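Here's the structure, in C-alpha cells; my notes come after.
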Amino acid sequence: MDRALARRLEARFEGVLHGHARQRHDQTEVRIGAGDLVEVLRALHDEPELKFEMLADLAGVDTGTEMQVVYHLWSATTTDWLRVIAEGLSRDDPRAPSVTFLWAGAEWMEREAYDMFGITFEGNRDLRRIYMPPDYTSFPLRKDFYLPDDAARSPGAGVRHVERTKSPTDAAPGVLRQTRA
Amino acid sequence: MATQVPPRPAAPGAVPAGTHRSQDDPNVLLQDDYDFYEPIPPYPPRTEREAEFYTLGDGEMFLNMGPQHPSTHGVLRVVLKLDGERVVDIDPVLGYLHRGVEKLIENADYHQTISQVDPLEYISSLFCEWAPVTAYERLLDVEVPRRAEYIRVLSAELNRIASHALFLGWFALDLGGLTPILWSFIERDEIVEMLAALTGQRMLFNYFRIGGVNGDLNHEFMSRLGDWMSRAVAQIEAGTGLLNENEIFVRRAAGLGVIDQQSALRYCMTGPNLRATGVPFDLRRMHPYSIYPELDFEIPTRTEGDSLARYLLRMEEIKQSIRIIDQCLEQMPDGPIMAKLPRLIRPRPGRAWSGIEGPRGVYGAYAISDGSDQPFRLKIHDPSFIHLQAVGALLPGNLLADTMAIMASLDPVMGGVDK
C-alpha cells in the first residue's frame, strides 16, 4: 500500500475527486465524475511524477442504479495499481469521453463496454458492437438483462413425458405403463 | 465440352416501391440509395471508421479471410483491403467464439467460476484461473499457504513452457515450415501429460482453488517431471536449432511486423510482444506477486520489435522458466495446500483487481463483491484481445502472404479474444 501516492493524488486533484482515495492490498482507488475524466487521465499519463503510461484494463460496470467506467493503470513511480472509477453515469443514456487519444488500445475495450453495457464513448471513431451481431439490440451485461431460467423450467425441457415429472409415480397414466412394456 | 452454368432465374413478381434487384443475385432487393451491386457490409455504415474502411479506393479490392481459415488460430474473420498484393487496411470481425463468460460468472458461485474461465485461453489455462482466484483472495483477505504458492508457480511455469513450445510450432507452420510443430508437440505433450497427472485434466485444468490448489504433488507427476527436466534443455535447443539456424526462416521473420516502443505502449501491449520492443515490463518483477520475489531469474528483452525478436524472446523465456522450476523444486516447503475457508464463501462488499504475467501478457481480473455468494461482476482482461487489435497497426504495407505470419508472431488465442 503506497500511502504517499494517495496523498499525492489528493493534493493534485483536490476538488475533483469524490471523497478520499481508498487503499486496500496493492490497490489505490479514486472516484471522479465522467466530466473530469479527460483532464485527470491526461494528467496521470503525462505528468512526470505520476506517469501512468500503461492502461491495464478498461471495464464497464452496471451497479443497478448507475453505470461506471473503471480504468486500471500502472506506473513505475508507485508500487500500487491505480484504479480510476468514473461514476455517476445515468443508466438511460450512459456517456463517457473516449481515452483513445492517450491509448489507441482502448478502442476495442471501449467497443466491448459499449457492446455489453451500451455506454457511449464520445470520441471513439469506431464504436460498433464487437462480439454481438450488428442487428442485436440489447446489452447483455446490464443487470436488467436476465439469463433464461435454468434448463429444468425452460419451455424446451422434458422432451419425454417422464422427464417432466418429479418422480415416475407422478407421470400421467399410460405413460408409465408404456415405458415399462 | 465444358458444361455451362445456367444463369439464375430472376425471381418473379413486382419489386416493392423504393427498391430494385441486385445484379449479383436477383433474389436480393436493394434500396434505391444503393448501386446495382450489394454493398459490403449489407447495411449502412455505423461509424466513421466503418464507412472509411468499406469505401474502395482506386485499384483496391476486399478479400475475406476466415472465419474457417486454418491458420487463424481459432475462429476469426478478417476483412482485408488489398492493393495488388499489399495490405492497405484490415477489419477483424470477432464474436464467433463469444459465450458470454462474464454473464455466466455473475450467475455462478465463486467456486464454480473457476471452471468457467478455464476455456478462455485453452493453451494456458492455469493463468486464466490464477487471475480471478487471486482477485477473490484479495476480496476475502485470505493468505495462501506457502506450499500452495510454490505449487502454483511450478505448475504455471510448466504451462508457460507448453504454451511457448506450441507458439514455436505454430509460428513456423504459418511461415511454411512443417517440421517444428511435430517437434514442439513432443515437448508439449510431455508437459501436458505431466500436468494431467497433477490436476486430472490435460488442458482445462480447473486446478487452482480460492486459498490454494486442488491436490498435492504426487508420485507420477514428480517422476514425469524429473524425467523431463533431465533432458528438457537439450530437447528445446534441438527444436529451436531447427529454426534459429535456418536462413530462410530468419531472413523471412526479421524486419517483419515492426512496432516501436511508444506505439506498443499506446496499444496497451504487454508480455513478450512489449518486451521485444525493449520495455522490461514483466509483472513478476515490476509488480511482484506470489513467491516470485524469492526466486532468481531474469527478464529477457530485445530491442528490434519485429517477429524474429518476439520469437527469440519467447525461447529465452523458456530457459528462464526452467530455472524457476528448478528453484521451486529445491525450495518446496512442507505444509498445507489450502487455506481454511468455508465451503460457501461470501466476501464482504468490495472491489479487487489482480494482474498475472502469463505467456501472452497480463491476464487481469477485476472482481466486485456485493456480499452475496456470487460475484457481482468479474471483468476478465485478456492479452490476446489487446494484441489482436495491434495487428491492425502492424499489417498495412505488408504483403498478403505475411498476414498470418505477423498475426502468429503476436500469438493471440481466439478463445481468450472472444470470451
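Top line first, the protein sequences correspond to chains F and W.
Take 6 as the starting number for the first sequence in the working numbering and just add one per residue.
Take 97 as the starting number for the second sequence in the working numbering and just add one per residue.
Every residue, glycine too, gets a C-beta built ideally from N, C-alpha and C.
It should be emphasised that the depicted structure is a prediction, and the values quoted were computed from it without experimental measurement.
* Do you know how far the Cα of serine 118 of chain W is from the Cα of leucine 361 of chain W? -> 46 Å
* If you draw a straight line from the alpha carbon of arginine 13 of chain F to that of phenylalanine 57 of chain F, how long is it in whole angstroms? -> 14 Å
* **Run of the beta strand (DSSP E) containing isoleucine 135 of chain F, from where it starts to where it stops** => From DSSP, isoleucine 135 of chain F is part of no beta strand (DSSP E); its letter is neither H nor E.
* According to a CB-to-CB cut-off of less than 8 Å, which residues of the segment 437-458 of chain W neighbour chain F? -> Gly446, Arg447, Ala448, Trp449, Gly451, Val458
* Decide if alanine 448 of chain W is buried, meaning its Cβ has at least 16 other Cβ atoms within 10 Å, or exposed. => buried
* Short CB-CB distance (under 9 Å) between proline 228 of chain W and chain F -> no
* **Within-9 Å CB hit, tyrosine 363 of chain W to chain F** => yes
* Is valine 238 of chain W helix, strand or coil when you go by DSSP? -> coil
* To do: Quickly, what does DSSP pair glutamine 127 of chain W with across the bridge? List them, please.
  => W:Thr115
* Asked: Alpha carbon to alpha carbon, what distance is there between isoleucine 476 of chain W and serine 468 of chain W?
  -> 20 Å
* Whole angstroms is fine: what's the gap from glutamate 233 of chain W's alpha carbon to lysine 148 of chain F's? => 25 Å
* For serine 505 of chain W, which three-state DSSP category applies? -> helix
* To do: Return the CA-CA distance between aspartate 154 of chain F and asparagine 203 of chain W, expressed in angstroms with no decimal places.
  => Reliability fails at aspartate 154 of chain F, whose pLDDT of 43 lies under 50, so the model's placement of it is uncertain and the value that follows must be treated cautiously. In a straight line, the C-alpha of aspartate 154 of chain F is about 11 Å away from that of asparagine 203 of chain W.
* Residues of its chain near glycine 110 of chain F, where Cβ-Cβ distance is below 8 Å and the 5 sequence neighbours each way are ignored -> Leu60
* Does any residue of chain F bring its CB to less than 9 Å from the CB of methionine 510 of chain W? -> no
* Which chain F residues are close to glutamate 146 of chain W, counting only those with a beta carbon under 9 Å from its beta carbon? -> Asp131, Arg133
* Asked: How is tryptophan 86 of chain F classed by DSSP in three states: helix, strand or coil?
  -> strand
* Could you please tell me which residues of the segment 9-24 of chain F, in chain order, have their CB closer than 9 Å to any CB of chain W? => none
* To do: Can you tell me which of the three DSSP states tyrosine 462 of chain W falls into?
  => strand
* To do: Kindly indicate the opening and closing residues of the alpha helix (DSSP H) around serine 480 of chain W.
  => 479-490
* Which runs of the beta strand (DSSP E), 3 residues or longer, sit entirely within the segment 405-480 of chain W? -> 446-453, 458-465, 473-477
* **Selection from W:Met503, W:Leu254, W:Gly307, W:Gly488 that minimises the alpha carbon distance to isoleucine 420 of chain W** => W:Leu254
* Under 8 Å Cβ-Cβ, which residues of chain F neighbour glutamate 198 of chain W? -> Met121, Leu146
* To do: Can you give me the Cβ contacts of isoleucine 201 of chain W inside the same chain, cut-off strictly under 7 Å, excluding the 5 residues immediately before and after it?
  => Thr209, Gln212, Pro471, Leu474
* Residues sharing a beta bridge with leucine 178 of chain W, DSSP -> W:Met157, W:Val183
* Does the beta-carbon of leucine 321 of chain W have 16 or more other beta-carbons within 10 angstroms, so that it is buried, or is it exposed? -> buried
* Asked: Which word fits leucine 152 of chain W, buried or exposed, when buried means at least 16 other C-beta atoms lie within 10 angstroms of its C-beta?
  -> exposed
* Asked: Could one say the Cβ of leucine 506 of chain W lies closer than 9 Å to chain F's Cβ atoms, at least one of them?
  -> no
* Would leucine 216 of chain W count as contacting chain F if we go by Cβ distances under 9 Å? -> no
* Can you give me, in chain order, the residues of the segment 55-76 of chain F that have a beta carbon less than 7 Å from any beta carbon in chain W? => Glu58, Met59, Leu60, Ala61, Asp62, Ala64, Val66, Val75
* Asked: So with Cβ pairs under 9 Å, would you call arginine 100 of chain F a contact of chain W?
  -> no
* Asked: Considering only residues of the same chain and omitting the five flanking positions on each side of cysteine 224 of chain W, which have a CB-CB separation below 7 Å?
  -> Val213, Asp214, Leu216, Glu217, Tyr459
* Where does aspartate 507 of chain W land, buried or exposed, given buried means 16+ other C-beta within 10 angstroms? -> buried
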